[in-house]
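Student: Note that the protein sequences, when read in sequence, are chains A and B.
Quick note on my numbering: the first sequence kicks off at 93 and runs consecutively.
Quick note on my numbering: the second sequence kicks off at 1070 and runs consecutively.
Where is the CB? At the ideal position from N, CA and C, for every residue including glycine.
The structure follows.
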Amino acid sequence: MSAALQNLVNQPYKHGFVTNIESDIAPKGLNEDIIRLISSKKNEPEWLLAFRLDAYRRWLNMVEPAWQNVKYPKIDFQAISYYSAPKPKKKLASMDEVDPELLRTFEKLGVPMHERAALAGVAVDVIFDSVSVATTYKEKLAEVGIIFCSISEAVQLYPELIKQYLGTVVPPGDNYYAALNSAVFTDGSFCFIPKGVKCPMDLSTYFRINTEESGQFERTLIIAEEGASVSYLEGCTAPRFDTNQLHAAVVELIALDDADIKYSTVQNWYAGDENGVGGIYNFVTKRGLAKGRNSRISWTQVETGSAITWKYPSCILRGENSVGEFYSVAVTNHHQQADTGTKMIHIGANTRSTIVSKGISAGQSNSSYRGLVRITPAARNARNYSQCDSMLIGNQCGAHTFPYIQVQNNSAQVEHEASTSRIGEDQLFYFSQRGIGAEEAVSMIINGFCKEVFQQLPLEFAVEATKLLSFKLEGSVG
Amino acid sequence: MINVNSKTLLEVRDLHATVGGAEILKGVDLTVKSGEIHAIMGLNGSGKSTLAKVLAGHPSYEVTRGTLLFDGHDLSALAPEDRARAGVFLAFQYPVEIPGVANNQFLRLAYNTVRGQRGEEELDPLEFDDFVREKMKLLKMNPDFLDRSVNEGFSGGEKKRNEILQMALLEPRLALLDETDSGLDIDALRIVANGVNQLSNKDNALILVTHYQRLLDYIVPDYVHVMEAGRIIRTSGKELALALEKHGYDWIHADDQMTEARP
């Protein structure tokens, strides 16, 4: 790998600072008492505590999975603090009363917490460690009947909706980390778009892990009723620590008849240093249920951070004519590992799914695409198109593709395409001979490679993602 | 054209260069003045393509001895992109494919980089589009090629035309054409050669690296150099190319009386 490429990928992480703020932190360790503590701190109804305890008991009997193509030391679940909240000085009446230290933190991160300074037309819910600290544009959204708030608030204000939908797409015993999340989740976003409403602005959640020994276990639930539509964005950062933090989130999406949910993520958790020390373990379960006829669920993700990314945003296509989409760019550098992809489960007739996955590996990193396309016996005329492309920068990284295709209805059409390419010295020399330096050349090649995915992102995010990628790969060329 | 008053653009003295530890250039001397067209001929492995790559600054090649002056400045101290910005252009023998990067985007970035270097304002995409389409007419190129990825799926002829189009856009002071004629049919050769001739003027210079005399029917050189084993062993006027074509490279050694012209 030439020096120019190397310099390109090796830029420092910008969001690695720690906010000095007094926090209310639960003692380390996990047991029923801790779960009761979380539940009582959040003043939860009895049924939710029962939900948590049920999940916890299931989790105790589960075995940590080992099939993924990533390596990490065994996690000591007793060494993690499961609740950390910035101590409010007093009860907040408005955004202006948010701790200025917090406001400064998010200002530094470029997250707009003041509505007047906000990005045009984006409502934001801000999650700091275990709790939501602010949600903007709530009133404006309420005018059209949209509920957008933290999940803790939703538990208090709309318990019936939460009870009806929570855990219906990702059940508490779904998998090891989903069970853990169900037991200890502390906050997250809740979003409800009523029948026939097209959400007038993009909704967004910004996640920030601040405390060194806390985990973040957030829970997001989005429901789009008949004919409703919403575009939802998620961004994440964390400070730079030499230890690893666990982030085990669960996201559930539910789309009823003719509803449309578009969920976009730009994930930039701290990835560890160039020797692979520190960084976030991002073990996340994201799943959407296209429950109604003609419903659509679309996942777009740009995964650049985390020491380990392990997630498969999936679609269960139950409604007739429902559509599932997955567009992904996963970038790994240094010693990062990513095992990511999707599952498209076709149940309804005439269901369609599209998978476009772009993996970029640099340094000594490893990136795997793992995807399942299952056409169940009832899914007449189902169609899937999958495309998995990998790009290697340098010669010490790896790219792997694990496609699983299960077809149980012979009217299905399933296509899978895959390619692997490399940014070579000759390409870079060609650019430089035309006056274009390595940095710009790599950014141009990468953006070209990721074009189909970036086109799916909302504009603000697309710009952000493009910048992030160039930044991320700075120094990898050489 | 040869003009005693013209300025020396390139001065190569005792140039030695290696790739992967093997010495390929073993003492090249060459002087090129503005307005001149030089042809470098020689058998495969004689070092002619290496000379072009070393001049352009290919990172795999290392200059181990000698000097390399461009417009009086030490070229070997410059990164390849800085050489390009200073006006050194290499038309590649095998232009690389760059999937996903649209040709118009690539051409515009290259063009604006060079303009920036000259202190000129950048062209926006619309202005550039008009400008590039005009240049493409010179090479009888199909406009749809602007939307395709750089060189991806191009025929050999299209790739070579794309190289000359870039030369037309960047207006280099020194253009190195590395076997631009190989892989071209006779019609394409004529179009490319015609394009190159129109770009040639008293302020710039061309070095053509070629195996065959047929390119030189269309682009008439002022000097023809013959390379062998990493050095220029013979320099003469255009008639040298014709003699080589007729007698083959061995003839040079048979005819050792022939006097050397200015190296």
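#1: So within the region 412–462 of chain A, which uninterrupted alpha helix (DSSP H) runs reach at least 4 residues, ignoring any that extend past its ends?
#2: In the DSSP assignment, find the beta strand (DSSP E) that holds glutamine 393 of chain A and state where it starts and stops.
#3: Quick one: which residues of the region 517–531 of chain A get their C-beta closer than 7 angstroms to a C-beta of chain B? List them in chain order.
#4: Measure the CB-CB distance between serine 453 of chain A and serine 459 of chain A and report whether it falls below 8 angstroms.
#5: On the DSSP bridge assignment, give the partners of alanine 340 of chain A in chain order.
#6: Going along the chain, which residues of its own chain have a beta-carbon closer than 6 angstroms to the beta-carbon of lysine 354 of chain A, five neighbours each way excluded?
#7: Who are the Cβ neighbours of proline 1241 of chain B in its own chain at under 7 angstroms, not counting the five residues just before and after it?
#8: Are the CB atoms of isoleucine 1109 of chain B and methionine 1296 of chain B within a distance shorter than 8 angstroms?
#9: For isoleucine 126 of chain A, count the other beta carbons within 10 Å of its own beta carbon; 16 or more makes it buried, fewer makes it exposed. Which is it?
#10: Using a Cβ-Cβ cutoff of 8 angstroms, what residues of the region 1296–1329 of chain B are near chain A? List them in chain order.
#11: CA-CA distance, alanine 316 of chain A and asparagine 123 of chain A?
#12: Name, please, each residue of chain B whose Cβ falls closer than 8 angstroms to the Cβ of lysine 543 of chain A.
#13: Distance, Cα to Cα, isoleucine 439 of chain A vs asparagine 374 of chain A?
#14: Below 7 angstroms CB to CB, which residues in the same chain sit around leucine 1311 of chain B once its five sequence neighbours on both sides are set aside?
#15: Closest by CA to tryptophan 159 of chain A, which one among A:Asn267, A:Ile239, A:Val236?
#16: Between isoleucine 452 of chain A and chain B, is the shortest Cβ-Cβ distance under 8 angstroms, so that the two count as touching?
#17: Do you know how far the Cα of alanine 1086 of chain B is from the Cα of leucine 1245 of chain B?
#18: What do you reckon, are the CB atoms on asparagine 1270 of chain B and isoleucine 1288 of chain B nearer than 8 angstroms?
#19: Once DSSP output is grouped into helix, strand and coil, what is the label at asparagine 1266 of chain B?
#20: Using DSSP with H/G/I as helix, E/B as strand and the rest coil, what is tyrosine 269 of chain A?
#21: Considering only the alpha carbon of each residue, which of B:Gly1135, B:Asp1286, B:His1142 lies closest to lysine 1307 of chain B?
#22: Residues bridged to isoleucine 1276 of chain B by DSSP?
#23: Measure the beta-carbon distance from alanine 1121 of chain B to valine 1261 of chain B and round it to whole angstroms, keeping in mind my assumption that it falls under 8 angstroms.
#24: Looking at the unbroken alpha helix (DSSP H) that takes in glycine 1185 of chain B, where does it start and where does it end?
#25: For glutamate 1105 of chain B, does the count of other Cβ atoms within 10 angstroms reach 16, so buried, or fall short, so exposed?
#26: Between A:Ser244, A:Val218, A:Asn413, A:Phe277, which has its C-alpha nearest arginine 144 of chain A's C-alpha?
#27: I need the straight-line Cα distance from glycine 527 of chain A to leucine 1238 of chain B, nearest angstrom please.
#28: Under the assumption that glutamine 519 of chain A contacts glutamine 488 of chain A (Cβ atoms under 8 angstroms), give the Cβ distance between them as a whole number of angstroms.
#29: Pull up the CB-CB distance for valine 465 of chain A and valine 506 of chain A, whole angstroms please, since I reckon it's below 8 angstroms.
#30: DSSP has tyrosine 477 of chain A in a bridge; who is on the other side?
#31: Express the C-alpha separation of valine 262 of chain A and arginine 379 of chain A in angstroms, rounding to a whole number.
#32: Look at the Cβ atom of tyrosine 229 of chain A, then the Cβ atom of methionine 293 of chain A, and state whether they are nearer than 8 angstroms.
#33: Anything in chain A within Cβ reach of arginine 1242 of chain B, meaning under 7 angstroms, just list it in chain order.
#34: Can you tell me whether methionine 1205 of chain B is helix, strand or coil according to DSSP?
#35: Have a look at the DSSP bridge pairing and note the partners of asparagine 374 of chain A.
#36: Does the CB of serine 513 of chain A have a neighbour CB from chain B at under 8 angstroms?
Tutor: With the structure as the only source:
#1: none
#2: If you number the first sequence from 1, residue 393 of chain A lands on position 301. Counted as a single uninterrupted DSSP element, the beta strand (DSSP E) harbouring glutamine 393 of chain A occupies residues 388–395.
#3: Glu517, Asp518, Gln519, Phe521, Tyr522, Ser524, Gln525, Arg526, Gly527, Ile528, Gly529
#4: Taking the first sequence and counting its residues from 1, one reaches residue 453 of chain A at position 361. Taking the first sequence and counting its residues from 1, one reaches residue 459 of chain A at position 367. Contact: yes.
#5: For the purposes of this step, residue 340 of chain A is identified with residue 248 of the first sequence, where counting begins at 1. Paired residues: none, contrary to the question.
#6: Numbered from 1 along the first sequence, position 262 holds the residue referred to as residue 354 of chain A. Cβ within range, chain order: Ser323, Ser390.
#7: Within the second sequence, residue 1241 of chain B is the residue found at index 172, counting from 1. For proline 1241 of chain B, where only same-chain residues beyond five positions count, the Cβ hits under 7 angstroms are Gly1156, Val1157, Phe1158, Asn1273.
#8: Looking up residue 1296 of chain B in the second sequence gives position 227. Looking up residue 1109 of chain B in the second sequence gives position 40. Yes, they are a contact pair.
#9: Numbered from 1 along the first sequence, position 34 holds the residue referred to as residue 126 of chain A. Per the 10 Å Cβ criterion, buried.
#10: none
#11: For the purposes of this step, residue 316 of chain A is taken as the residue at position 224 of the first sequence. For the purposes of this step, residue 123 of chain A is taken as the residue at position 31 of the first sequence. Distance between the alpha carbons of alanine 316 of chain A and asparagine 123 of chain A is about 35 angstroms.
#12: Taking the first sequence and counting its residues from 1, the one referred to as residue 543 of chain A is at position 451. Result: Gly1169.
#13: Indexing the first sequence from 1 puts residue 439 of chain A at position 347. Indexing the first sequence from 1 puts residue 374 of chain A at position 282. Their Cα atoms are separated by approximately 29 angstroms.
#14: The count along the second sequence starts at 1 and reaches residue 1311 of chain B at position 242. Result list for leucine 1311 of chain B: Gln1282, in chain order.
#15: By one-based count along the first sequence, residue 159 of chain A stands at place 67. For the set A:Asn267, A:Ile239, A:Val236, the Cα lying nearest the Cα of tryptophan 159 of chain A is the one of A:Asn267.
#16: Residue 452 of chain A sits at position 360 when you count from the first residue of the first sequence. For isoleucine 452 of chain A, the answer is no, since every Cβ of chain B falls outside 8 angstroms of its Cβ.
#17: Residue numbering aside, residue 1245 of chain B sits at position 176 when the second sequence is read from its first letter. Residue numbering aside, residue 1086 of chain B sits at position 17 when the second sequence is read from its first letter. One C-alpha to the other measures close to 18 angstroms.
#18: The residue you call residue 1270 of chain B lines up with position 201 of the second sequence. The residue you call residue 1288 of chain B lines up with position 219 of the second sequence. No.
#19: The sequence position of residue 1266 of chain B within the second sequence is 197, counting from 1. Of the three classes helix, strand and coil, the one that applies to asparagine 1266 of chain B here is helix, per DSSP.
#20: By one-based count along the first sequence, residue 269 of chain A stands at place 177. In this structure, tyrosine 269 of chain A counts as helix in the three-state DSSP scheme.
#21: Sequence index remark: in the second sequence, residue 1307 of chain B carries index 238 (1-based). Checked all of B:Gly1135, B:Asp1286, B:His1142; the closest Cα to lysine 1307 of chain B is B:Asp1286.
#22: Residue numbering aside, residue 1276 of chain B sits at position 207 when the second sequence is read from its first letter. Beta-bridge pairing links isoleucine 1276 of chain B to B:His1107, B:Leu1245.
#23: On the second sequence, residue 1121 of chain B is found 52 positions in, with the first residue counted as 1. On the second sequence, residue 1261 of chain B is found 192 positions in, with the first residue counted as 1. Not confirmed; about 17 angstroms, so no contact.
#24: Along the second sequence, read from residue 1 onward, the residue named residue 1185 of chain B stands at position 116. 1172–1186 is the extent of the alpha helix (DSSP H) around glycine 1185 of chain B.
#25: Reading the second sequence from its first residue, position 36 is the one you call residue 1105 of chain B. So glutamate 1105 of chain B counts as buried.
#26: As a working mapping, residue 144 of chain A is identified with position 52 in the first sequence. Here the closest residue by C-alpha is A:Phe277.
#27: Along the first sequence, one-based indexing puts residue 527 of chain A at 435. Along the second sequence, one-based indexing puts residue 1238 of chain B at 169. When rounded, the distance between both Cα atoms is 12 angstroms.
#28: Numbered from its first residue, the first sequence carries residue 519 of chain A at position 427. Numbered from its first residue, the first sequence carries residue 488 of chain A at position 396. Approximately 18 angstroms separates the beta-carbon atoms of glutamine 519 of chain A and glutamine 488 of chain A; this is outside 8 angstroms, ruling out the contact.
#29: Sequence index remark: in the first sequence, residue 465 of chain A carries index 373 (1-based). Sequence index remark: in the first sequence, residue 506 of chain A carries index 414 (1-based). So it is a contact: roughly 6 angstroms between Cβ atoms.
#30: Here the question's residue 477 of chain A lines up with position 385 in the first sequence. The partner list for tyrosine 477 of chain A (beta bridge, DSSP) reads A:Thr446, A:Glu507.
#31: Start at 1 with the first residue of the first sequence, and residue 379 of chain A comes out as number 287. Start at 1 with the first residue of the first sequence, and residue 262 of chain A comes out as number 170. C-alpha separation (whole angstroms): 7 angstroms.
#32: The residue given as residue 229 of chain A occupies position 137 in the first sequence. The residue given as residue 293 of chain A occupies position 201 in the first sequence. Closer than 8 angstroms, so yes.
#33: Taking the first residue of the second sequence as 1, we reach residue 1242 of chain B at position 173. Going along chain A, no residue has its Cβ under 7 angstroms from arginine 1242 of chain B, so there is no contact; the nearest lies around 13 angstroms.
#34: Position 136 of the second sequence, counting from 1, holds the residue named residue 1205 of chain B. Methionine 1205 of chain B falls in the helix class under three-state DSSP.
#35: The residue given as residue 374 of chain A occupies position 282 in the first sequence. Asparagine 374 of chain A is bridged to A:His339, A:Thr401.
#36: Position 421 of the first sequence, counted from the first residue, corresponds to residue 513 of chain A. Yes, contact with chain B.
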